[in-house]
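Asker: Chains A and B are the protein sequences, given in the same order.
Numbering-wise, the first sequence is residues 1 to 295 according to my numbering.
Numbering-wise, the second sequence is residues 1 to 304 according to my numbering.
Here a beta-carbon is modelled for each residue, glycine too, at the ideal position from N, C-alpha and C.
Model, not experiment: these values are computed from the prediction.
Okay, here's the structure, questions in a sec.
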Amino acid sequence: MFRHNKGFQVAANIIMILLSLICILPFVLLISASLTEESTLLRYGYSFWPTQVNLDAYRFLLRDSSTITRGYLITIFVTVVGTLSNMVLTVLLAYPLSRPDLPGRNAFSFIVFFTMLFNGGLVPSYIMWTQYFNIKNTIWALIVPYLMLNAFYVIMMRTYFTTNIPNEIIEAARIDSAGELRILVTVVLPMSLPMIATLGLMVGLLYWNNWTNGLYFLTDTKLFSIQNILNRMLRDAQFIASGMAGEQAAELAASLPTTGIRMAVAVLGALPIMIIYPFFQKYFVKGITIGAVKG
Amino acid sequence: MKRSHKIKRFIPFYLMMIPSLLYLFINNYIPMAGLIIAFKSVNYRVGIINSPWVGFKNFEFLFKTKDAWTITRNTIAYNAAFIILGTVIAIAVAILLNEITKRIVKNVYQTVILLPYLISIIVVSYIVLAFLSYDTGYINNQLFSAFGKDPISWYNEPDYWPFILIFVYIWKHFGYSCIIYYATVVGFDKGYYEAAVIDGANRWQTITKVTLPMLTPTIVTLTLMNIGRIFYSDFGLFYQVPLNSGPLQNVTQTIDTYVYRGLIQLNDVGMSSAAGFYQSVVGFVLVLLANMIVSKISKDNALF
Numbered sequence: 001m002f003r004h005n006k007g008f009q010v011a012a013n014i015i016m017i018l019l020s021l022i023c024i025l026p027f028v029l030l031i032s033a034s035l036t037e038e039s040t041l042l043r044y045g046y047s048f049w050p051t052q053v054n055l056d057a058y059r060f061l062l063r064d065s066s067t068i069t070r071g072y073l074i075t076i077f078v079t080v081v082g083t084l085s086n087m088v089l090t091v092l093l094a095y096p097l098s099r100p101d102l103p104g105r106n107a108f109s110f111i112v113f114f115t116m117l118f119n120g121g122l123v124p125s126y127i128m129w130t131q132y133f134n135i136k137n138t139i140w141a142l143i144v145p146y147l148m149l150n151a152f153y154v155i156m157m158r159t160y161f162t163t164n165i166p167n168e169i170i171e172a173a174r175i176d177s178a179g180e181l182r183i184l185v186t187v188v189l190p191m192s193l194p195m196i197a198t199l200g201l202m203v204g205l206l207y208w209n210n211w212t213n214g215l216y217f218l219t220d221t222k223l224f225s226i227q228n229i230l231n232r233m234l235r236d237a238q239f240i241a242s243g244m245a246g247e248q249a250a251e252l253a254a255s256l257p258t259t260g261i262r263m264a265v266a267v268l269g270a271l272p273i274m275i276i277y278p279f280f281q282k283y284f285v286k287g288i289t290i291g292a293v294k295g
Numbered sequence: 001m002k003r004s005h006k007i008k009r010f011i012p013f014y015l016m017m018i019p020s021l022l023y024l025f026i027n028n029y030i031p032m033a034g035l036i037i038a039f040k041s042v043n044y045r046v047g048i049i050n051s052p053w054v055g056f057k058n059f060e061f062l063f064k065t066k067d068a069w070t071i072t073r074n075t076i077a078y079n080a081a082f083i084i085l086g087t088v089i090a091i092a093v094a095i096l097l098n099e100i101t102k103r104i105v106k107n108v109y110q111t112v113i114l115l116p117y118l119i120s121i122i123v124v125s126y127i128v129l130a131f132l133s134y135d136t137g138y139i140n141n142q143l144f145s146a147f148g149k150d151p152i153s154w155y156n157e158p159d160y161w162p163f164i165l166i167f168v169y170i171w172k173h174f175g176y177s178c179i180i181y182y183a184t185v186v187g188f189d190k191g192y193y194e195a196a197v198i199d200g201a202n203r204w205q206t207i208t209k210v211t212l213p214m215l216t217p218t219i220v221t222l223t224l225m226n227i228g229r230i231f232y233s234d235f236g237l238f239y240q241v242p243l244n245s246g247p248l249q250n251v252t253q254t255i256d257t258y259v260y261r262g263l264i265q266l267n268d269v270g271m272s273s274a275a276g277f278y279q280s281v282v283g284f285v286l287v288l289l290a291n292m293i294v295s296k297i298s299k300d301n302a303l304f
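Printed below as a string of structure tokens:
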């Protein structure tokens with residue numbers, strides 16, 4: 001389009017490469033730190049390139065410590081169950097709201113929408129969940145509060161139903177005397193898979209990365225998700241040894257190569273996302289742009 | 001007769017909505033009503049309902065302390081910095097990204113700059129620790145020792161933290177807003193650009209005279225929405241990234257960290273519920289105001 005295009009392209013690419021490095025290099029430092037031998041770390045500190053690759057930290061975490069394995073299983077369970085429940089609740093609310101002739105539609109939409117404008121904050125909801133629902137130190141503490149339904153996603157889902165599912169198709173199914181729930185499951189949902197995948201991915205990310213529910217509601221470390229373990233280890237690196245039984249546990253805890261191990265745990269907490277992200281990048285980008293810019 | 005028949009047809013829909021509405025009622029609406037505890041002296045043994053009313057006493061205590069001013073100042077000042085710097089950087093990068101012609105590299109950049117956004121703030125705390133740790137951090141041990149500079153005890157020096165927190169926030173979030181702006185820019189009609197080039201506009205002129213004016217409604221909307229949330233902060237960023245360090249609290253304490261510390265660590269329900277009430281109510285007013293202005297400017301972009 002413009003003359004002198006080449007010089008500009010080179011300059012623009014250099015800036016973008018620098019920015020990309022700023023985004024990537026911190027992760028390189030983290031991974032390199034987790035792969036460096038303990039005594040080298042203590043002498044020279046963390047660096048971007050491991051002088052000698054050493055897998056001791058990972059070997060310890062994955063073989064000797066049950067804490068990490070359990071944390072992973074809990075995170076996976078919470079992410080799967082949480083995302084599924086969130087999607088079910090979202091669809092079951094968004095679909096009726098997308099029916100143009102539903103009596104009371106506006107009032108129900110407002111009930112959903114108002115939760116985006118106003119909220120009671122941490123104190124009342126903490127007291128409610130702990131005092132009246134006894135959620136403290138149960139696995140439900142990681143699944144139910146805050147995360148199981150998001151008004152914003154309900155509205156996005158409703159808009160998708162209204163704009164992408166032709167009313168004639170639903171009417172046709174109704175003439176075949178299919179029940180409403182059946183129409184939703186067999187007709188509407190298969191046509192909405194791209195949107196469900198996008199929202200499901202965003203919700204899954206929220207569950208995987210969530211650490212505040214564990215911070216508020218868990219004192220029993222056996223229920224800690226991987227993010228809660230990481231959170232605890234920031235101040236108490238020896239925590240990782242707490243999952244080990246036997247008399248050597250205390251001894252081992254004292255001699256633990258904690259400087260490298262804590263970085264290895266952080267890598268394990270981020271790795272699954274870093275691995276799947278490039279494959280689902282399209283959906284993540286869609287999930288972000290879809291709600292922010294209408295039209 | 002006809003009306004009741006009509007309602008009957010919709011019964012399956014109402015049944016579908018029950019679980020979700022029940023969840024909203026419990027998770028969102030009961031805590032809203034629960035805000036009244038800010039006017040009570042909570043006693044768990046007799047229950048919330050039977051706890052005695054104390055009027056504005058909790059607020060009197062809160063606003064008599066220096067904390068009220070500190071947390072308000074920090075929350076608003078950090079958000080202001082995030083909004084201004086974050087917007088400028090995101091727009092600049094989005095326009096730059098749009099000017100790059102090679103599709104594949106464009107996609108790679110887009111993928112890479114979004115990565116920090118997807119990682120939990122806890123992992124980010126570890127990355128910050130890897131840079132700033134006193135004994136083993138990269139900056140003290142590799143960078144400073146190479147230049148013969150004395151190590152800095154980062155987690156005890158409040159002066160550096162406004163910059164550190166702003167940098168970390170922008171690092172984590174610029175990719176996110178950049179992608180929103182980029183998606184908008186990509187959607188612009190190419191005809192305007194062709195017309196501008198025919199009229200002899202150079203690259204800089206097409207950016208300032210075509211792209212930026214067309215981007216303005218999006219910029220205004222996103223900025224106003226951020227202003228509507230100026231009373232809220234990312235708890236993890238202000239609590240976990242500075243490792244909850246005491247000497248830093250004057251520059252890292254925000255309303256959210258204050259409410260958490262009061263409730264869970266100090267067990268001072270009165271003070272923290274007053275701070276939470278303050279946040280909810282002022283936050284609500286700000287959201288309404290921001291949205292009112294958005295709908296004045298462009299009706300399509302308003303939330304309601």
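Using 8 Å as the Cβ pair cut-off and three pairs as the minimum, do the region 88 to 103 of chain A and the region 236 to 255 of chain B touch?
Answerer: Cβ pair count under 8 Å is below three, so no.
Asker: Please report how far the alpha carbon of phenylalanine 63(B) lies from the alpha carbon of valine 185(A), in whole angstroms.
Answerer: Here residue 63(B) refers to the residue found at position 63 when the second sequence is read from its first residue. Here residue 185(A) refers to the residue found at position 185 when the first sequence is read from its first residue. So the two alpha carbons sit approximately 54 Å from each other.
Asker: What in chain B is Cβ-close to arginine 235(A), meaning under 8 Å?
Answerer: The count along the first sequence starts at 1 and reaches residue 235(A) at position 235. The contacting residues are Leu243 and Asn244.
Asker: Please confirm if isoleucine 230(B) has its CB atom under 8 Å from at least one CB of chain A.
Answerer: For this step, residue 230(B) is matched to residue 230 along the second sequence. Output row for isoleucine 230(B): interface = no.
Asker: Can you confirm whether the region 286 to 295 of chain B touches the region 222 to 230 of chain B when touching is taken to mean that 3 or more C-beta pairs between the two stretches lie within less than 8 Å?
Answerer: Enough Cβ pairs lie closer than 8 Å, so yes.
Asker: What does glycine 214(A) touch in chain B if you count any residue whose Cβ is under 9 Å from its own?
Answerer: Numbered from its first residue, the first sequence carries residue 214(A) at position 214. Those do not exist, as glycine 214(A) stays about 10 Å from chain B at its closest Cβ, beyond 9 Å.
Asker: Could you check whether the Cβ of methionine 263(A) sits closer than 8 Å to any Cβ belonging to chain B?
Answerer: As a first step, residue 263(A) must be located in the first sequence, where it is residue number 263. Yes, methionine 263(A) counts as interfacial toward chain B.
Asker: What residues in the region 268 to 293 of chain A bring their beta carbon closer than 8 Å to a beta carbon of chain B?
Answerer: Here the close residues are Gly269, Ala270, Ile273, Met274, Tyr277, Pro278, Gln281, Phe284, Val285, Ile288, Thr289, Ala292 and Val293.
Asker: Give a yes or no on whether 8 Å exceeds the smallest Cβ distance from asparagine 54(A) to chain B.
Answerer: By one-based count along the first sequence, residue 54(A) stands at place 54. Asparagine 54(A) does not count as touching chain B.
Asker: With a threshold of 8 Å on Cβ separation, who are the neighbours of arginine 232(A) within its own chain once the five nearest residues in sequence on each side are excluded?
Answerer: Position 232 of the first sequence, counting from 1, holds the residue named residue 232(A). Cβ neighbours of arginine 232(A) beyond the five flanking positions: Thr221, Phe224 and Phe239.
Asker: If you follow the alpha helix (DSSP H) that glutamate 171(A) is in, where does it begin and where does it stop?
Answerer: If you number the first sequence from 1, residue 171(A) lands on position 171. Taken as a continuous stretch (DSSP letters only), the alpha helix (DSSP H) holding glutamate 171(A) covers 167 to 175.
Asker: Which two residues bound the contiguous alpha helix (DSSP H) that contains glutamate 38(A)?
Answerer: Translated into positions along the first sequence, residue 38(A) becomes position 38. Unbroken alpha helix (DSSP H) run through glutamate 38(A): 38 to 44.
Asker: Tell me, please, whether the CB atom of methionine 1(B) is closer than 8 Å to any CB atom in chain A?
Answerer: Counting from 1 along the second sequence, the entry for residue 1(B) is found at position 1. With a pLDDT of 46 at methionine 1(B), under the threshold of 50, the modelled position of this residue cannot be trusted, and the question is left open.
Asker: Using a Cβ-Cβ cut-off of less than 7 Å, give me the residues of the region 123 to 145 of chain A that come near chain B, in sequence order.
Answerer: So the list reads Val123, Pro124, Ser125, Tyr126, Ile127, Met128, Gln131 and Pro145, given in the order they occur along the chain.
Asker: Please name the residue in Val210(B), Val259(B) and Thr218(B) whose C-alpha comes closest to that of aspartate 234(B).
Answerer: Within the second sequence, the letter at position 234 stands for residue 234(B). Of the candidates Val210(B), Val259(B) and Thr218(B), the one whose C-alpha sits nearest the C-alpha of aspartate 234(B) is Val259(B).
Asker: Here's a check: name, in chain order, each residue in its chain whose Cβ is nearer than 7 Å to the Cβ of proline 158(B), leaving out the five neighbours to either side.
Answerer: Within the second sequence, residue 158(B) is the residue found at index 158, counting from 1. Excluding residues within five positions, the ones whose Cβ falls inside 7 Å are Pro247, Leu248, Asn250 and Val251.
Asker: Out of Leu142(A), Thr51(A), Ser32(A) and Ile76(A), which has the shortest C-alpha to C-alpha gap to tyrosine 58(A)?
Answerer: Stepping through the first sequence from its first residue, residue 58(A) is reached at position 58. Of Leu142(A), Thr51(A), Ser32(A) and Ile76(A), the residue nearest in Cα terms is Ser32(A).
Asker: Are there 16 or more other CB atoms within 10 angstroms of the CB of glycine 164(A), so buried, or fewer, so exposed?
Answerer: The sequence position of residue 164(A) within the first sequence is 164, counting from 1. It is asparagine, not glycine, that sits at residue 164(A) in the sequence shown. Under this definition asparagine 164(A) is an exposed residue.
Asker: Starting from the C-beta of methionine 1(B), find all residues in its chain whose C-beta is less than 7 Å away, skip the five residues before and the five after it, and write them out in chain order.
Answerer: The sequence position of residue 1(B) within the second sequence is 1, counting from 1. Its pLDDT being 46, under 50, methionine 1(B) is placed unreliably by the model, and the measurement read from it follows with that caveat. So the list is empty, once near-sequence residues are dropped.
Asker: Compute the beta-carbon to beta-carbon distance between leucine 234(A) and serine 125(B), rounded to the nearest angstrom, for a pair I have assumed lies under 8 Å.
Answerer: Indexing the first sequence from 1 puts residue 234(A) at position 234. Indexing the second sequence from 1 puts residue 125(B) at position 125. Confirmed, about 6 Å.
Asker: What are the start and end residues of the alpha helix (DSSP H) that includes arginine 99(A)?
Answerer: As a first step, residue 99(A) is located in the first sequence; it is residue number 99 there, counting from the start. Run containing arginine 99(A): none; DSSP gives neither H nor E here.
Asker: Hey, which unbroken runs of the beta strand (DSSP E) at 3 residues or more fall wholly within the region 166 to 246 of chain B?
Answerer: DSSP runs (the beta strand (DSSP E)) wholly in the region 166 to 246 of chain B: none.
Asker: Residues of chain B with a CB under 8 Å from the CB of leucine 181(A): which are they?
Answerer: For the purposes of this step, residue 181(A) is taken as the residue at position 181 of the first sequence. The contacting residues are Pro12 and Met16.
Asker: How far does the alpha helix (DSSP H) with methionine 157(A) in it reach, from first residue to last?
Answerer: Mapped onto the first sequence, residue 157(A) falls at position 157. Run containing methionine 157(A): 151 to 164, per the alpha helix (DSSP H) assignment.
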